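The structure appears right after this line, and notes come after that.
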Amino acid sequence: MMGEPGTQDLVRLEDLEASRQLTGRKHILSLLVENKPGVLARIAGLFSRRGFNIDTLAVGPTEDPDVSRITLTLDGAVHPIDQVTKQLHKLVNVIKIRDMEPDGTVAREMALFRVSAAVESRAEIMQFADIYEAKIVDVSRRSLTVEVTGSQDKIDSFERMVRPHGLIEMARTGEVAITKSRPEH
Amino acid sequence: MRAADALCEALKAEGVEHVFGIPGGANLPTYDALYDADLVHIQARHEQCAGHAAEGYAKASGRVGVAMATSGPGATNLVTPIADAMMDSVPTVFVTGQVRTDLIGTDGFQEADVTGITLPVVKHSLLVTDPRQIPDYIHEAFHIASTGRPGPVLVDVPQDLSRAEIDYTPIEGTPELPGYKPPTEGNIKQIRIAAKALANARRPVIYGGGGIVNADASEEFREFCSSDRLPVTLTVMGLGAFPAPHEQWLGMLGMHGTRTANYAMDEADLIVCVGARFDDRITGKLSEFAPRAKFVHIDVDPAEISKNVPAHIPIVGDAADVLPKMTREYRALNPDSSRLEEWWKRIRDWQTTYPLRYEDSPDSEIKPQFMVEAMYEATDGDAIITSDVGQHQMWAAQYYHFTEPRRWLNSGGLGTMGFGLPAAIGAKVARPDDTVVCLAGDGSLVMVCQEFATAAFHNIPVKVFLMNNGHFGMVRQWQELFWDERYKSVEMGPSPNWPKLAEAFGWTGMQCTDKSQLRESMQTALETDGPVLLDVHVTKDENCFPMIPAGAAARDMVG
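Keeping their order, the protein sequence lines are chains L and Z. Using the working numbering, the letters of the first sequence map in sequence onto residues 5 to 189. Using the working numbering, the letters of the second sequence map in sequence onto residues -6 to 552.
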C-alpha cells in the first residue's frame, strides 16, 4: 500500500523506489534557445564540464527570428538524460527542451559522400544511390559526390555500402527533428 | 542620461547601498558616475577581495552583493570569487569594464574575454552590446542572482557604451526572461508522500544545508524538526539553521563531522535532505553512503535532485514554502513518537561514546580547539564568524556552536583560502552593529593581507583572530596521515611578524602565546576600537579529528 495522498495510510519505506538513471537508448533533444551571441558556447561548455558527450549537433533558425533550434543527440546508455536536461534548463537562454519520443518524431539528417569511383565501380555506386533515393551532386573522372537524406540509420547503412569502394570524404549535418502532428479527428 | 549613470541608478533602484571594487581604465565611466551617485564604494586592494567582500556582504545580510572591476586583469581577478559564489549559491552581481567595442577581439590593451572565461562558473552572464541594455541588464542580473537557487551574475560593460546617452526609467516588476522560471512551490502530493514516509520511518535523520539559510527558512526548519523528536544534522554551509546545542542536534556531518552524525546517516532508514547536495565531503565513498536509507530530497534546484544520490521522493521547491507544508502534513498524521525510542537510544550511545573531544595542553600552550572555545566565550557565541579554509575552519565548525543562521560565513564549496578577511569586511559593512570576527589561518591570511588597508582606509572595525600554527595545517595533516610524513612546502617559516604587519597598515596588532592570557586578549581585541589583529600562537602539529579519509565510508572514520 503506497499511502496515496488523501488517505491516512503511511508510506512503507520498502515500497519506495528511486527512478532509474540510464535509459539505454539514443535520445534526441530539441532545444529552443534565445538567438543571442554565446548561447551555443554555454551549451557546449555545459556538456564538456559535466562530462556529457554530444553525438550530433545541429543549429538553425526557427519560424521566430528571436529563437533558434538546437537539435542534439546523445547516448542514454552512457548519460543520465534526466540530469542533462535539468542542467540545460538552468541556462537562462534555453527556453524549452523536448526529449523527443522516438515514435512521435520525424528525424532527418543529410550527408554528403565523396566516393572514389573508377569506371568499373561507378555503376554499382549509382545503383546504391538509386536504392537509397540519394542524388549524385558532383561528378569527376575519379569520384562521385552523393547527397543522402534520411534517418541516422539509413545514412549509416549507406556509408557501409560505399566504404569498400573508397570513401574519400564524408560530411554529415547531424539530425534535426520535429514532432509528428497528431492524427486529426 | 549617460549609460554609466543609468547603471548606478539601476543599482540604487535594486536597493544597493554599498559596492566593492577597484577602478581602472575600462570602467572609468562607471567610477565617474559613482562620483555623484548616492552609493558607498568600498575600495578593495585586490579585485578577488572585492568579490569575496561582496560575498560576505550577501551571506551576512541575504541581500545581493555587488563587486566591480576593470577589464582584463581586473576582471580575471574576479574569477575566484565568482566561482566561489557559484559553488556556495551566493547572490552576487559582478560588473566588469570591457575595452571599447571597436577593440573587442583585437587583443587590445587590458582586454580579456571575461564572459568567456567565467562561462562555467556563473549562474548567468550578460555582455552589453548596446548602451540601452546597461540598466536593463543590471535589473536582469539582480533578478537572476537573487531568485531560485541564488548565484553570481556577471555584467560586462564596454567602456564606450557606458559613455553613451540613453533614456532610462527604472523597470517595474520583474524582468521578463523567457527561459528563466525558477520553481518556488513544492508539489503537495510529493510533500504528503514524504510526510507519510517520515511518519513510518524508525531511524530517520534530517540532513540540512545552506539552502535553508539561503531561503531564510531557519524558523520553518526548526518548526519542522520539532514536529517530532527528529534527529538533525547540518552541513558546514547549513550551520546555524538549527541551534547547537539542542537535544535533537547530532552535530555537523561529513568529513570532519561528528561520529554520531555520520553513524546516524550510515544506519538511517530515511534521510530527509533539505537544501543540501550530497557533496563528496558529505557522502565519502558514494557506493557505501547511507546504504540502508531511502531519500527525500527537497531542493529549489531540480538538477541537484538525483545528481549524486538517487532520490526516492524528490521535492522541487523553496525550503520556505515546502517546510511549513511538510510540518502540517506530518503533524496531521499524528505519528507515534515512541517508534523513535530505540533509535534515540542508539544515538545517545554514540554521543556518550564518541563526544567531540581534544586533549588540552598541560602547560601554557594553546590548543587550536581551545582557541575556538575561548573565542566562543569571548563573543558570547553571538558574533558573525568568517573563516578561511583548512583546519581552523573545521575546528570553528566543530567548537563554535552556531545558534543563528548568517553568523557563519565560510567558503564551503570552492574551499577558497583567503576568504575570511574580505568576507569579514563585507559582513561588517552589511551589519555594522554586529561583532564580526575573522578566524583566520596563517596560510590563508597572508594571501589577502593587503586588505588590512581596505579595513583601515574605510575604518571597518573587523577583528581578526589568527590561528597561527606556522603551517598549511590541513595539508600538513594529510601529509602526516596519508603521505608517510613526507612534509613538503607546508611550513610557513617565521615571517611575517603579524602584529607589526597589521600595525604597518594602521591596525592594532596584538599577540598571545599563553593559554592563561587568551580570553583576556580576545576581550581586549573585541573592546578596542577599529580593526584589530590578534596573533594567537597555537600547537603546530595538532590534527583535526575525527575525519573520514577521502574516499572512505562514514563508518570508517578515524581519530
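In this text, a Cβ means the ideal position worked out from N, Cα and C, and glycines have one as well. This structure is a prediction, so every number in the text was calculated from the model and none was measured.
| Check | Outcome |
| --- | --- |
| Can you pull the chain L residues whose beta carbon is under 7 Å from the beta carbon of His117/Z, in chain order? | Val96 |
| Would you be able to state if there are at least three C-beta pairs under 8 Å between the stretch -3 to 17 of chain Z and the stretch 173 to 186 of chain L? | no |
| Could you tell me the alpha carbon to alpha carbon distance between Thr66/L and Lys40/L, rounded to whole angstroms? | 14 Å |
| Quick check on this structure: which residue in Ile377/Z, Gly172/Z, Tyr173/Z has the alpha carbon closest to the alpha carbon of Trp401/Z? | Ile377/Z |
| Between the Cα of Leu96/Z and the Cα atoms of Gly413/Z, Gln152/Z, Ile205/Z, Leu243/Z, which residue gives the shortest distance? | Gln152/Z |
| Are Asn462/Z and Thr532/Z touching if we call contact CB-CB under 8 Å? | yes |
| Counting only the same chain and skipping the five closest in sequence on each side, list residues whose C-beta sits under 6 Å from that of Gln362/Z. | Tyr351, Trp388, Tyr392 |
| Using a 10 Å radius around the Cβ and a threshold of 16 neighbouring Cβ atoms, would you call Ile137/Z buried or exposed? | buried |
| With a cut-off of 8 Å, does the C-beta of Glu38/L fall near any C-beta of chain Z? | yes |
| Nearest chain Z C-beta to Leu44/L closer than 8 Å, yes or no? | no |
| By the three-class DSSP mapping on this structure, what secondary structure does Arg185/Z have? | helix |
| Using the C-alpha atoms, what's the distance from Glu179/L back to Ser147/L? | 26 Å |
| Listed from N- to C-terminal order along the chain, which residues in the stretch 46 to 59 of chain L have their beta-carbon within a distance smaller than 7 Å of any beta-carbon of chain Z? | Arg46, Gly49, Arg53 |
| Within its chain, find whatever has a CB closer than 7 Å to the CB of Arg142/Z; leave out the 5 residues flanking it on each side and keep chain order. | Ser82, Val293, Asp294 |
| Helix, strand or coil, according to DSSP, for Ser330/Z in the structure here? | helix |
| Please report the Cβ distance between Val547/Z and Asp259/Z, rounded to the nearest whole angstrom; I am assuming they are in contact, meaning their Cβ atoms lie under 8 Å. | It should be pointed out that residue 547/Z corresponds to Ala in this sequence rather than to Val. Going by Cβ atoms, the distance from Ala547/Z to Asp259/Z rounds to 5 Å, so yes, they are a contact pair. |
| Using the Cβ count rule (16 or more neighbours within 10 Å means buried), how would you classify Lys456/Z? | buried |
| For Ala181/L, write down the residues that DSSP places opposite it in a beta bridge. | Ala111/L |
| Just grab the DSSP bridge partners of Arg118/L for me. | Thr149/L, Glu173/L |
| Would Leu102/L pass as an interface residue toward chain Z - the criterion being a Cβ-Cβ separation below 8 Å? | According to the sequence as given, residue 102/L is Arg; it is not Leu. Closer than 8 Å: no. |
| DSSP state of Pro74/Z, grouped into three classes? | helix |
| Identify whether Met460/Z lies in helix, strand or coil by the three-state DSSP scheme. | strand |
| Could you tell me which chain Z residues have their CB closer than 7 Å to the CB of Arg16/L, listed as they occur along the chain? | Asn193 |
| Within a Cβ cutoff of 8 Å, which residues of the same chain sit near Leu527/Z, ignoring the five residues on either side of it in sequence? | Lys456, Val457, Phe458, Leu459, Met503, Gln504, Cys505, Ser514, Met515, Ala518 |
| Going by beta-carbon coordinates alone, are Tyr50/Z and Val430/Z separated by less than 8 Å? | no |
| For Ile99/L, go through chain Z and note every residue whose CB falls closer than 8 Å to its CB, in chain order. | Pro171, Gly172 |
| Using a cut-off of 9 Å between C-beta atoms, extract the partners of Thr63/Z located in chain L. | Per Cβ cutoff of 9 Å: no residues; Thr63/Z is ~21 Å from chain L at best. |
| Can you tell me whether DSSP reads Leu119/Z as helix, strand or coil? | strand |
| Determine the chain Z residues that contact Asp68/L at a beta-carbon separation under 9 Å, and present them in chain order. | Residues of chain Z passing the Cβ test: none, with the nearest at roughly 11 Å. |
| Is DSSP giving Leu14/L helix, strand or coil here? | coil |
| Report, in whole angstroms, the separation of the C-beta atoms of Leu20/L and Lys287/Z, which I expect to be a contact under 8 Å. | 5 Å |
| For Val141/L, count the other beta carbons within 10 Å of its own beta carbon; 16 or more makes it buried, fewer makes it exposed. Which is it? | exposed |
| List the endpoints of the continuous beta strand (DSSP E) containing Met503/Z. | 501 to 505 |
| Quick check: the Cα distance between Asp79/L and Glu7/Z, rounded to an integer number of angstroms? | 44 Å |
| Between which two residues does the beta strand (DSSP E) carrying Asp149/Z extend? | 145 to 151 |
| Which chain Z residues sit within Cβ distance under 8 Å of Leu20/L? | Ala190, Lys287, His305, Ile306 |
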